[in-house]
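*Asks:* The numbers in the numbering used here rise by one with no breaks, and the one at position 105 of the sequence shown is 90.
One structure is given below, represented as structure tokens, and several questions about it will come after.
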Amino acid sequence: MKNIEKHEKDTQLFPAFNLEIAEGEITAIYSTLNVRSTLLNMILGKIPIVNGEIRVKEVTIAENKRGFLHQVGICFFEDGMYERLTVSEYFRFFYDLYEVKQTFERVIHLTQLEGKKNKRIRDLTFSEMKRVQYGRLLIQDPSLFVFEEPDLNVDMETKRVFINITRKIQEEDKSILVLTGNMESAVTVADRVYRLDEDGLRIIETETEEDTEERDTELIPAEETDNEKDTKPIQLNKIPTKVNDKIVLFDPPEIDYIESNDGQANIYIKGEAFPSSLTLTNLEERLQHFGFFRCHRSYIVNLQKVREVITWTRNSYSLILDDKEKSQVPLSKTKMAELKDLLGLK
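Written as structure tokens, this is what we have:
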């Protein structure tokens, strides 16, 4: 994407930006629904691109519409399907439509639909229908896979299926673009995560082993002098947040998890987000004695609220909380071993 921008009347949806997705790379863009819809329509040529261009395999839609659309496959969040067909009939239809490299058995296996292949699509659950959508894109086998909210509202097994599919696509040196409003989903699946809004395209840092080592080194306390021991400040256990013009104080056990976005820490309590004036590092220092754990560069979780530890792939993990929303928080690879030690696991 080169010099892509969009204005609506007097409002700037997003300023001009450039983005390149390499072969074998998974990139996620975290944005609002309006931004996602606009990007998808630009890719499809439904919204004109004034000054810039979107190029896949050296082809733009203006130069060769058929060739461009052959290189791009899109899995929309809401996608029309032939609901009277069985899963097998639906896949066979697209096998006839495209020059297929994927075998029918492989697509059925990757989507975990072996037991549903003779069932009509209209009789499937929402999550099973999403797997059918994944399968259709696998049959098309484009150079660029675009997924819009691919795992929103799906069950755990379908999310696992989706992550496994992205890894298979990546192994084949194909590119993936995920458009989502769910930060946990973006961080879990993508190599690079960006935020796109009226301030432009900005990368969201994800954790590396070097980052963890540097942070752990910074947190090693220096030896205290006698004077410092005598003048320790009062310890305040309350965590301050701001709601409109009011300061609201919370007890640590009330907090489910904390997420940092663009330097702004948001404290989540019963599904509601409260902005904090403290940094994630400040919050980590205050809360670590209350059973909180820095599970990712951008997340702190209350371990008392963790119900499950989910392994999606060898390097991809999530924590499932026992709150009403069954919130999912990413767990970085570098933090998995530390968590096991805390839990007394080998």
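Heads up, the beta-carbon is just placed ideally off N, CA and C, and yes, glycines get one too.
1) Mind checking which residues open and close the alpha helix (DSSP H) that includes Y75?
2) Would you check if the distance between the CB atom of E133 and the CB atom of L164 is smaller than 7 Å?
3) By Cβ distance, which residues of its chain are closer than 7 Å to S301, with the 5 residues on each side in sequence left out?
4) Assign F278 to buried or exposed, taking buried as 16 or more other Cβ atoms, counted over all protein chains shown, within 10 Å of its Cβ.
5) Name the two residues that bound the continuous alpha helix (DSSP H) containing H281.
6) The alpha helix (DSSP H) with A47 in it runs from where to where?
7) Three or more C-beta pairs under 8 Å: does that hold for the segment 223 to 242 against the segment 273 to 289?
8) Would you list the one or two residues that DSSP bridges to V369?
9) Would you grab the beta carbon distance between L82 and V131 for me? Rounded to a whole angstrom, and I think it's under 8 Å.
10) Please specify which runs of the beta strand (DSSP E), each continuous and at least 3 residues long, are wholly inside the segment 219 to 278, giving them in chain order.
11) Around the C-beta of Q125, are 16 or more other C-beta atoms found within 10 angstroms, so that it is buried, or is it exposed?
12) Is it buried or exposed for L327, if we count other Cβ within 10 angstroms and need 16 for buried?
13) Would you call the segment 11 to 22 and the segment 150 to 161 touching, i.e. three or more CB-CB distances under 8 Å?
14) Where does I39 land, buried or exposed, given buried means 16+ other C-beta within 10 angstroms?
15) Could you please give the first and the last residue of the uninterrupted alpha helix (DSSP H) stretch that includes E90?
16) Cα separation between E5 and K231?
17) L129 and V20 - do their beta-carbons sit closer together than 7 Å?
18) Kindly indicate which three-state DSSP category V291 falls into: helix, strand or coil?
19) Is DSSP giving K(-13) helix, strand or coil here?
20) Suppose you measure from the CA of F79 to the CA of L265; what does that come to, to the nearest Å?
21) Closest to T23 by CA distance: which of G65, A47, P0 is it?
22) So D247 packs on R180, CB below 8 Å; how close in whole Å?
23) Taking C-beta to C-beta, are L122 and C60 nearer than 7 Å?
24) Does the beta-carbon of K101 have 16 or more other beta-carbons within 10 angstroms, so that it is buried, or is it exposed?
25) Roughly how many whole angstroms lie between the Cα atoms of K223 and V139?
26) Whole angstroms are fine: how far does the CA of L(-2) sit from the CA of V35?
27) With 16 other CB atoms within 10 Å as the buried threshold, where does P260 fall?
*Replies:* Per the coordinate set shown:
1) In the sequence shown, counting from the first residue as 1, residue 75 sits at position 90. Counting along the chain, the alpha helix (DSSP H) containing Y75 begins and ends at 72 to 82.
2) Within the sequence shown, residue 133 is the residue found at index 148, counting from 1. Within the sequence shown, residue 164 is the residue found at index 179, counting from 1. Here E133 is near L164, since their CB atoms are less than 7 Å apart.
3) Your numbering for residue 301 matches position 316 in the sequence shown. Cβ within range, chain order: I148, T173.
4) Numbered from its first residue, the sequence shown carries residue 278 at position 293. It is buried - the Cβ of F278 has at least 16 other Cβ atoms within 10 Å.
5) Taking the sequence shown and counting its residues from 1, the one referred to as residue 281 is at position 296. Not the alpha helix (DSSP H): H281 falls in the beta strand (DSSP E), residues 277 to 281.
6) The residue labelled residue 47 in the question sits at position 62 within the sequence shown. No residue range can be given for A47, since it is assigned to no alpha helix (DSSP H) and is classified by DSSP as neither H nor E.
7) Cβ pair count under 8 Å is three or more, so yes.
8) Since the displayed the chain opens at -14 and closes at 331, residue 369 lies outside it and no answer follows.
9) The residue given as residue 82 occupies position 97 in the sequence shown. The residue given as residue 131 occupies position 146 in the sequence shown. With a Cβ gap of about 18 Å, L82 and V131 do not count as contacting.
10) As far as the segment 219 to 278 is concerned, its whole beta strand (DSSP E) runs of at least 3 residues are 224 to 228, 231 to 235, 242 to 246, 249 to 254, 257 to 261.
11) Working through the sequence shown from its first residue, we reach residue 125 at position 140. Counting Cβ neighbours within 10 Å, Q125 comes out buried, since at least 16 surround it.
12) By 1-based counting over the sequence shown, the position of residue 327 is 342. Exposed.
13) Result yes; three or more Cβ-Cβ pairs closer than 8 Å.
14) If you number the sequence shown from 1, residue 39 lands on position 54. With a 10 Å radius around the Cβ and a threshold of 16 neighbouring Cβ atoms, I39 comes out buried.
15) Residue numbering aside, residue 90 sits at position 105 when the sequence shown is read from its first letter. It spans 89 to 95 - the alpha helix (DSSP H) in which E90 sits, taken as one unbroken run.
16) The residue labelled residue 5 in the question sits at position 20 within the sequence shown. The residue labelled residue 231 in the question sits at position 246 within the sequence shown. Distance between the alpha carbons of E5 and K231 is about 43 Å.
17) By 1-based counting over the sequence shown, the position of residue 20 is 35. By 1-based counting over the sequence shown, the position of residue 129 is 144. For the 7 Å CB-CB criterion, V20 and L129 do not form a contact.
18) The sequence position of residue 291 within the sequence shown is 306, counting from 1. Assigned with DSSP and collapsed to three states, V291 falls in strand.
19) Stepping through the sequence shown from its first residue, residue -13 is reached at position 2. DSSP places K(-13) within a strand segment (E or B) once states are collapsed to three.
20) The count along the sequence shown starts at 1 and reaches residue 79 at position 94. The count along the sequence shown starts at 1 and reaches residue 265 at position 280. C-alpha separation (whole angstroms): 48 Å.
21) Within the sequence shown, numbered from 1, the residue matching residue 23 stands at position 38. Selection G65, A47, P0 evaluated against T23 yields P0 as nearest (Cα-Cα).
22) Within the sequence shown, numbered from 1, the residue matching residue 247 stands at position 262. Within the sequence shown, numbered from 1, the residue matching residue 180 stands at position 195. With 8 Å as the limit, D247 and R180 qualify as a contact, their Cβ atoms being about 7 Å apart.
23) As a position in the sequence shown, residue 122 is number 137, starting the count at 1. As a position in the sequence shown, residue 60 is number 75, starting the count at 1. The Cβ-Cβ distance between L122 and C60 falls below 7 Å.
24) Counted from its first residue, the sequence shown places residue 101 at position 116. Around the beta carbon of K101, a 10 Å sphere encloses 16 or more other beta carbons of the protein chains shown; the residue is thus reported as buried.
25) What you label residue 223 is simply residue 238 of the sequence shown in a count that begins at 1. What you label residue 139 is simply residue 154 of the sequence shown in a count that begins at 1. Looking at the backbone, the Cα of K223 and that of V139 are separated by about 36 Å.
26) By 1-based counting over the sequence shown, the position of residue 35 is 50. By 1-based counting over the sequence shown, the position of residue -2 is 13. Roughly 14 Å between the two C-alpha positions.
27) In the sequence shown, the residue the question calls residue 260 occupies position 275. The residue is exposed, with fewer than 16 neighbouring Cβ atoms inside 10 Å.
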